[in-house]
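Since the structure comes first, as structure tokens, the remarks are kept for the end.
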Amino acid sequence: MPDRLIAVPELLRALRDRARSLGLAPPAAFLGDWRDRRAVVVPSVDLRPVAQEAAFAESDHLVVVYRSFPDTVPGAAPPLPAAVRGEASGWLTLEADGRWSRHGDAPDPEQVVRDHGRGRRHDRAAAGHNNDDHDGNDGNDNTDREAGRLPDWAAPDRAAHRAAVSDCLEAIRAGEVYQACLSTRLHGTLRADPLETFLAITGHAPAARSAYLEGPWGAVLGFSPEEYLVRRGQVVRSSPIKGTLSADRDPALLLQSAKDIAENIMIVDLVRNDLGRVADVGSVTVTDLLAIRPAPGVHHLVSTVTARTTADNTALVEATFPPASVTGTPKSRARELIAGWVPVSRGLHCGAYGFALGRDLELAVAIRTLEATHDGRVELGVGGGITIDSDPDAEWDECVHKAAFTWGGGPAPWGPG
């Protein structure tokens with residue numbers, strides 16, 4: 001490879017332009033910490049709806065997104081089908097030294113970027129543009145500034161979320177559940193091409209499990225900090241997040257919070273139980289408990305559970321899905337109650353996205369994840385775990401803190417309330 005290092009945004013723009021010019025499906029990208037690399041990029045993958053039971057069928061190179069629950073509540077249909085998957089013949093990885101490596105049938109990144117540069121210079125010269133500028137929205141105004149590439153959000157329904165938290169607290173007092181994850185849903189519009197929105201957000205709020213996935217159904221802009229399942233051979237791990245504090249506060253306060261600690265430990269027990277359904281007897285182990293980790297706008301408590309299993313990926317996902325951290329304890333009753341408390345389907349929110357290479361599997365919990373349609377509509381689910389110590393107003397503030405990365409941080413764009 002030549003000495004020049006190719007940046008992720010430059011490569012993704014070039015790959016998508018290449019795909020369009022050749023009539024291919026768009027690229028997919030996984031940024032942050034996937035397969036112990038800084039990025040995994042699939043140059044072209046045709047992501048199509050499939051039956052839920054086929055989402056995690058064995059495949060050499062598989063990219064998949066999987067919608068959460070509930071699917072039958074009233075409200076507007078979510079942008080995504082229940083399950084989407086696609087197969088790819090090759091991929092690129094960004095190594096620690098900033099260079100790209102090719103795997104399988106993947107194009108040369110340097111050649112792709114060089115060809116893209118020639119084509120863009122020609123197109124922009126014909127239009128009278130400065131060749132050094134990048135217009136990320138096919139000619140629309142204001143997309144060179146980051147604010148012009150972030151979504152516009154309408155005010156979410158705070159009263160509905162508050163009522164759901166109050167109902168959840170009543171259910172906890174009645175002994176029906178110990179904890180449940182409740183969320184609200186933001187609705188908005190994109191002001192730029194979804195890829196440009198993704199790149200703008202990753203520029204100021206990089207996440208451990210970011211992903212960009214695009215198909216005929218729309219686009220997924222994932223900024224999850226949470227690992228759902230990572231499998232290498234027979235070893236699998238899950239790292240649930242429970243416990244949140246805004247980034248402007250001392251993260252050590254998380255370990256002084258009885259509510260946050262209880263929230264995390266209850267979900268760790270649930271992950272142990274879920275993995276135990278398919279794990280070798282005696283292999284389920286908590287390898288890291290109550291670690292403090294940063295994420296955009298917040299600090300989190302994160303624990304890690306590992307196990308050994310000979311089950312295939314379909315059985316592994318069936319045993320553990322939906323992810324423990326976004327349901328509650330006991331899991332089945334929490335799911336039933338959540339279906340009655342949320343006003344609309346969660347869509348992809350609290351589902352999963354990721355990929356498989358052979359039998360190895362990497363999936364993130366689909367939190368901090370935007371779902372976009374081709375007509376510019378966008379939705380974001382955001383929420384948190386409710387325990388007996390929860391305060392409805394504090395839970396709402398937590399939702400706002402978690403969503404703030406989508407408008408660049410600071411107060412909510414819809415004002416107080």
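Note that our numbering has the sequence shown beginning at 1, numbered continuously upward. We treat Cβ as the ideally placed atom computed from N, Cα and C, and that holds for glycine.
Identify every residue that forms a DSSP beta bridge with residue i.
| i | result |
| --- | --- |
| Gly215 | Gly218 |
| Phe355 | Val63, Glu362 |
| His349 | BP columns for His349 are empty, so no partner. |
| Leu186 | Leu380 |
| Ser224 | Arg209 |
| Thr93 | Val40, Ser101 |
| Thr369 | Gly222 |
| Ala180 | Gly328, Ile386 |
| Ala230 | Before going further, note that residue 230 is Val rather than Ala in the sequence given. Looking at the DSSP assignment, Val230 forms a beta bridge with Arg237, Glu362. |
| Ser246 | Val298 |
| Arg48 | Arg85 |
For residue i, which of the options has the nearest alpha-carbon?
| i | options | result |
| --- | --- | --- |
| Ile386 | Ser303, Ala205, Arg13, Thr244 | Thr244 |
| His187 | His103, Pro151, Val220, Arg118 | Pro151 |
| Ser419 | Pro392, Ser246, Glu379, Ala295 | The question about residue 419 has no answer here: the residues shown for the chain are numbered 1 through 417. |
| Thr320 | Arg149, Cys350, Ile338 | Cys350 |
| Pro156 | Gln256, Gly409, Ala403 | Ala403 |
| Glu95 | Phe56, Val8, Gly23, Leu169 | Val8 |
| Leu289 | Glu87, Ala200, Glu146, Thr304 | Thr304 |
| Asp393 | Asp375, Ala163, Met266, Tyr228 | Ala163 |
| Ser390 | Glu146, Ala258, Lys331 | Ala258 |
| Leu11 | Arg99, Arg209, Ser89, Tyr228 | Arg99 |
| Lys242 | Val302, Gly376, Asp97, Arg67 | Val302 |
| Arg105 | Ala247, Ala83, Asp60 | The question names Arg, yet the displayed sequence has Asp at residue 105. Residue Asp60 is the option with its Cα nearest to Asp105. |
| Asp193 | Arg377, Pro416, Ser21 | Arg377 |
| Leu80 | Tyr66, Ala311, Val236, His299 | Tyr66 |
Short check: CB of residue i to CB of residue j, under 8 Å?
| i | j | result |
| --- | --- | --- |
| Val500 | Ala171 | The displayed coordinates of the chain run from 1 to 417. Any statement about residue 500 would go beyond what the structure contains. |
| Val41 | Pro26 | no |
| Gly381 | Gly347 | yes |
| Val220 | Glu58 | no |
| Arg368 | Ala207 | yes |
| Glu226 | Arg149 | no |
| Tyr353 | Leu363 | yes |
| Asp15 | Pro43 | The sequence as given places Leu at residue 15; Asp does not occur at that position. Yes, the Cβ-Cβ distance between Leu15 and Pro43 is below 8 Å. |
| Arg277 | Phe69 | no |
| Ala200 | Phe223 | no |
| Leu92 | Arg102 | yes |
| Ile292 | Pro240 | no |
| Asp274 | Ala324 | yes |
For residue i, does the three-state DSSP call read helix, strand or coil?
| i | result |
| --- | --- |
| Ile241 | strand |
| Thr327 | coil |
| Met1 | Low per-residue confidence applies at Met1: pLDDT is 44, beneath 50, and the placement is therefore not dependable enough to give any value. |
| Pro151 | coil |
| Arg124 | Residue confidence for Arg124 is low, a pLDDT of 43 falling below 50, so the modelled location carries little weight and cannot support an answer. |
| Ala412 | coil |
| Pro109 | helix |
| Ala83 | strand |
| Ser21 | helix |
| Asn137 | Bear in mind that a pLDDT of 43 at Asn137, under 50, signals an unreliable position, so the model cannot answer this. |
| Phe30 | strand |
| His129 | Caution applies to His129, whose pLDDT of 40 falls short of 50 and renders its modelled position unreliable; the value that the coordinates give is listed next. If DSSP states are grouped into helix, strand and coil, His129 belongs with coil. |
| Ser390 | coil |
| Pro9 | helix |
| Val236 | strand |
| Asn142 | Note that Asn142 scores 45 on pLDDT, short of 50, meaning its location in the model is unreliable and no value can be drawn from it. |
| Arg158 | helix |
| Trp341 | helix |
| Leu15 | helix |
| Ser166 | helix |
| His374 | coil |
| Ala174 | coil |
| Arg35 | coil |
| Glu58 | coil |
| Trp407 | coil |
| Ala334 | helix |
Where in the region 255-328 do unbroken runs of the beta strand (DSSP E), each at least 3 residues long, occur, reported from the N-terminal end onward? 285-295, 298-308
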